[in-house]
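Q: According to our numbering, the sequence shown holds residues 2 to 294 in order.
I'd like to ask some things about the structure below.
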Amino acid sequence: MVKNNIRGPQFVQFFQPVIDALIELGGSGQPSEVKELIAEKLNITEEEQSEQISSGQSRFSNKVDWARFYLAKADFIDASTRGVWSLTEKGRNVQLSNDEALQLFQNIHQQFSIERKKQREKSLASTESKNDISEGIHDEENDHRIILLEKLMELPADGFERLCQRLLRESGFESVTVTGKSGDGGLDGNGVLQVNPFVSFKILFQCKRYSGSVTPSQVRDFRGAMMGRADKGIILTTGTFTSEAKKEAVRDGVPPIELVDGEKLLDMFEKLELGLKPKKAYDIDEKFFDDFR
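In structure tokens form, the structure reads like this:
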């Protein structure tokens, strides 16, 4: 892991690398693209990327996520775009020194402390925090994603397989069956994707209720098990895929494997509103009341 020459939480060292990665990607990118590029630029090994924190998330991924959170609060990253990290005009023109990165964290954290104190004074209800300062403060807009991931991790293996079956059905797959047979090369189920009335594909899928990173050898094992039995393969995991696993999935000369990591999995649940109930938010229309004054 890159040496931390900045005082304060370890994720502060990733403030500028996140900005640099987004600039290199053209100003915006998916979280996985940003993290992969940072890992490449900072020479972060596969082993280091697989290290986990107590929640089961990759330690490296967690640090980059919190760097993005604070950069969004500082208006360097557009927080309104979901699934894509995008630099603001302010973010495109900033170059943070170590001291400036630390000062940025301290200023925003101080604002949080003041806001949280006000909230406690206004409400008798209190929410017990599960993370210490080193892991940051939850973004309220993403709290449901944290809880949803925890729900997925709590499911038994066969329950997670059935949930993935439901997810694939909701996404348009037909005849989706969970096999869950031991000794079947890790294949958990199959289904059919009807592209049009004339073309369809048989798919095999594997479900990994996994807190770590899926390795290239696991991708190869899955491909070996599906050879001659299906046209396409999908691996769904609550964890992540190493950069080498991603390369293995699209290697030339062999059938490609679709990879669905924890972030993409949560995106799909949100898109389908599966296990989630949308909330409405209202703003007061001040002009409406003018006629009654």
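Just so it is clear, CB atoms sit at the ideal spot from N, CA and C, and this is done for glycine as well.
In this text the structure is predicted, and so the values were computed from the model without any measurement.
If we ignore side chains and look at the alpha-carbon of each, how far apart do GLU41 and GLN104 end up?
A: Taking the straight line joining both Cα atoms gives about 27 Å.
Q: Using only alpha-carbon positions, find the residue among LYS203, GLN58, PHE106 that is nearest to ALA73.
A: Ranking LYS203, GLN58, PHE106 by Cα distance to ALA73 puts PHE106 first.
Q: Contact between the stretch 221-234 and the stretch 23-42: three or more CB pairs below 8 Å?
A: With a cut-off of 8 Å, the stretch 23-42 and the stretch 221-234 do not count as touching, because too few Cβ pairs lie within range.
Q: Would you check if the stretch 40-54 and the stretch 83-100 touch, i.e. whether three or more CB-CB distances between them fall below 8 Å?
A: No: the two stretches stay apart, fewer than three of their Cβ pairs being nearer than 8 Å.
Q: Alpha carbon to alpha carbon, how far is LYS152 from VAL193?
A: Going from the Cα of LYS152 to the Cα of VAL193 covers about 28 Å.
Q: Roughly how many angstroms lie between the CA atoms of THR180 and ARG93, to the nearest whole one?
A: Approximately 50 Å, taken between the alpha carbons.
Q: Can you give the Cα-Cα distance for MET227 and LEU267, rounded to whole angstroms?
A: Cα to Cα, MET227 sits roughly 26 Å from LEU267.
Q: Measure the C-alpha to C-alpha separation of ALA68 and ILE115 and round it to an integer number of angstroms.
A: So the two alpha carbons sit approximately 21 Å from each other.
Q: Identify the continuous beta strand (DSSP E) that holds SER176 and give its terminal residues.
A: Residues 175-179.
Q: Taking the alpha helix (DSSP H) that GLN219 falls in, what are its first and last residues?
A: Unbroken alpha helix (DSSP H) run through GLN219: 217-227.
Q: Find out if the Cβ-Cβ distance for the pair VAL215, GLY240 is shorter than 8 Å.
A: Yes, the pair counts as a contact, with Cβ atoms nearer than the cut-off.
Q: Going by CA-CA distance only, name the one from PHE270, GLY160, VAL255, GLN17 that's closest to ALA75.
A: Among PHE270, GLY160, VAL255, GLN17, the Cα nearest to that of ALA75 belongs to GLN17.
Q: DSSP on LEU88, reduced to helix/strand/coil?
A: The answer is strand: DSSP assigns LEU88 an E or B state.
Q: Along the chain, where does the beta strand (DSSP E) that runs through VAL196 open and close?
A: VAL196 -> beta strand (DSSP E) spans 190-197.
Q: From PHE206, LEU188, ASP144, ILE147, pick the residue whose C-alpha is nearest to that of ARG170; which is it?
A: When each option's Cα is compared against that of ARG170, the closest is PHE206.
Q: Can you list, in chain order, the stretches of the alpha helix (DSSP H) that have 4 or more residues and sit fully within the stretch 9-95?
A: Entirely contained in the stretch 9-95, the alpha helix (DSSP H) runs reaching 4 residues are, in chain order, 16-25, 32-42, 47-51, 60-74, 90-93.
Q: Is LYS233 helix, strand or coil when you go by DSSP?
A: If DSSP states are grouped into helix, strand and coil, LYS233 belongs with the strands.
Q: Judging by CA-CA distance, which residue of GLN58, LYS272, ILE20, ILE285 is the nearest neighbour of ARG210?
A: The candidate whose alpha carbon is nearest that of ARG210 is GLN58.
Q: According to DSSP, is SER127 part of a helix, a strand, or is it coil?
A: With a pLDDT of 42 at SER127, under the threshold of 50, the predicted position of this residue should be treated as unreliable, though the coordinate-derived value follows. Coil, per DSSP.
Q: Would you mind working out which of LYS64, LEU237, GLY173 sits nearest GLN219, comparing C-alpha positions?
A: Here the closest residue by C-alpha is LEU237.
Q: Cα separation between GLU155 and CYS165?
A: Straight-line Cα distance between these residues: approximately 14 Å.
Q: Just the Cα atoms here: how many angstroms apart are GLY160 and PHE61?
A: The straight-line gap from Cα to Cα measures roughly 29 Å.
Q: Ignore the nearest five residues each way along the sequence and tell me which others in VAL19's own chain have a CB closer than 8 Å to its CB.
A: The residues are VAL35, ILE39, VAL65, ALA68, ARG69, LEU72, ILE78, TRP86.
Q: In this structure, does DSSP put LEU205 in helix, strand or coil?
A: Here LEU205 sits in strand by DSSP.
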